[in-house]
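Each residue of the sequence shown is one higher than the last, beginning at 3 in our numbering.
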Amino acid sequence: MKRIIFLSLIPLFLFNNVFANNQKEHIDINAVWSAANYGGPFCYSLRIIYYPNGQIKQQGCQGHYNATGISVGNWYEYDLLGMPVRTNYYHPDEFGKDYKIITTYDKNGKVLTKKIYNYDDLYETEEEELNEIPQ
């Protein structure tokens, strides 16, 4: 039943997300179908936020995990000139195996820090730095 409801919402989602903004987005229907059958985290919408000067400020994937809309995969943040400032990798999983990796960059694009945290937004917990990726 869940799959039927989910798949019936795809046309509505496509209309709202492709035609509601000025950017052209690509949504792989086969990937959505595969993810619906698999039940794991998946991306269903590319989000791009721009600075007033037209440079990309932030881009990443809005996804779905365990009936929750959440950030998945890589999210990129840029400065006004388009240089990378931060990359967030989001890995939603069952509680205790969820994590995110936050990488920050200097003004020349070289890595300053790379830290692993629990995915606090997913389970509404406090952010804690981890020593290693949970297994």
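Built from N, CA and C at the ideal position, the CB exists for glycine as well.
Since we're looking at a predicted model, the values are computed, not measured.
Cα-Cα separation between residue i and residue j, rounded to whole angstroms
i, j, result
"Ile50", "Gln57", "10 Å"
"Lys117", "Glu126", "19 Å"
"His66", "Tyr119", "20 Å"
"Thr106", "His93", "18 Å"
"Asp123", "Thr70", "11 Å"
"Glu128", "Ser73", "17 Å"
Given residue i as reference, the closest of the options once Cα atoms are compared
i, options, result
"Val87", "Val113, Tyr119, Thr70, Pro54", "Val113"
"Gly75", "Tyr91, Asp108, Gly111", "Tyr91"
"Pro136", "Phe44, Tyr101, Cys45", "Tyr101"
"Lys99", "Asp108, Glu134, Lys109", "Glu134"
Cβ shell of residue i (< 6 Å), same chain only, five flanking positions each side left out
i, result
"Gln64", "Ser47, Arg49"
"Gln61", "Ile50, Tyr78"
"Ile103", "Tyr91, Ile118"
"Asn81", "Per the sequence shown, residue 81 should be read as Asp rather than Asn. So the list reads Val87, once near-sequence residues are dropped."
Spatial neighbours of residue i in its chain, beta-carbon cut-off 8 Å, leaving aside the 5 residues before and after
i, result
"Glu131", "Lys117, Ile118, Tyr119"
"Gly84", "Gln57, Ile58"
Three-state secondary structure assigned by DSSP to residue i
i, result
"Tyr101", "strand"
Check: residue i C-beta below 7 Å from any heavy atom of the ligand ADP
i, result
"Pro86", "Absence of the ligand ADP is noted for the structure shown, with no ligands found whatsoever."
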